[in-house]
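Report on the structure given below.
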Amino acid sequence: MSASETPLSRWVSVARLPPGRGAVTVEATPAECAALAADFKIQAIRDLVGRFAVAGPTRRLVVTGTVEGTVTLVCTVSLEPFETKVSEPVEVAFTDTDRLAGTDAEDADIPDPIVGGRIDFGLLTAEFLALGIDPYPRKPGVVFEEVQLGEDAKPFNVLRTLRPEEP
446 MSASETPLSR WVSVARLPPG RGAVTVEATP AECAALAADF KIQAIRDLVG RFAVAGPTRR
506 LVVTGTVEGT VTLVCTVSLE PFETKVSEPV EVAFTDTDRL AGTDAEDADI PDPIVGGRID
566 FGLLTAEFLA LGIDPYPRKP GVVFEEVQLG EDAKPFNVLR TLRPEEP
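In structure tokens form, the structure reads like this:
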């Protein structure tokens, strides 16, 4: 996804961060929340905030923090919409793209790239919100009750009723 396609974008120059540490807060506007909700194919997002602490030298920054927001999801059992809070911890390492040259994409712990001397904290907020959303949401208090079939209820018994009678 390019920067122009990202509904939530907050680029921060690494050079402007205080040496050794810094703090960044991202608060999404209602329009950005609506665009993210459409991208994530959920009912709504509101009160989306990413709070990040940045530490380490500029050659390898470590970003920690939390992403919090309220999302409206559709229950997979009752199909009713409901609101739930999402709080997702964040811990990501970043390094200059020049340092990534020659690394294998299969390496276990490759840091995310610092692109053009900047980090997109808006994209980071959106990514971690997406990670915190339950893919199979269930409204609190809703219980899924399995259908109990009788002993003779086998899958192919229905097909036998469709077969014409033999003379």
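Heads up: the sequence shown begins at 446 in our numbering, then just goes up one per residue.
C-beta: ideal position from N, C-alpha, C; glycine also.
Check: Taking the alpha helix (DSSP H) that P475 falls in, what are its first and last residues?
Finding: P475 to F485
Check: Hey, would you say the C-beta of S454 is under 8 Å away from at least one heavy atom of the ligand ADP?
Finding: Annotation note on the ligand ADP: not contained in the displayed structure, which lists no ligands.
Next item on the list: May I have the straight-line CA-CA distance separating L576 from F527, to the nearest angstrom?
Entry: 19 Å
Notebook entry, point to check: Is it right to say S447 is buried, meaning 16 or more other beta carbons lie within 10 angstroms of its own, or is it exposed?
Noted result: Low confidence applies here, because S447 scores a pLDDT of 45, under 50, leaving its location unreliable and the question unanswered by this model.
Notebook entry, point to check: Would you call P464 buried or exposed, if buried means 16 or more other Cβ atoms sit within 10 Å of its Cβ?
Noted result: exposed
Next item on the list: Express the C-alpha separation of V531 and F601 in angstroms, rounding to a whole number.
Entry: 44 Å
Notebook entry, point to check: Which residues in the same chain have their Cβ closer than 8 Å to the Cβ of R563, if we skip the five residues on either side of it in sequence?
Noted result: W456, V457, S458 and V459
Item checked: Element boundaries [beta strand (DSSP E), containing L493] -> A489 to G501
Next item on the list: Go to R461, then tell me how far its beta strand (DSSP E) extends in each direction, as first and last residue.
Entry: Where R461 is concerned, there is no enclosing beta strand (DSSP E), given that its DSSP letter is neither H nor E.
Notebook entry, point to check: Alpha carbon to alpha carbon, what distance is there between G495 and T511?
Noted result: 6 Å
Next item on the list: Mind reading off the beta-carbon distance from L569 to V603? Whole number of angstroms is fine, and I expect it under 8 Å.
Entry: Rounded, the Cβ-Cβ distance is 51 Å, inconsistent with contact.
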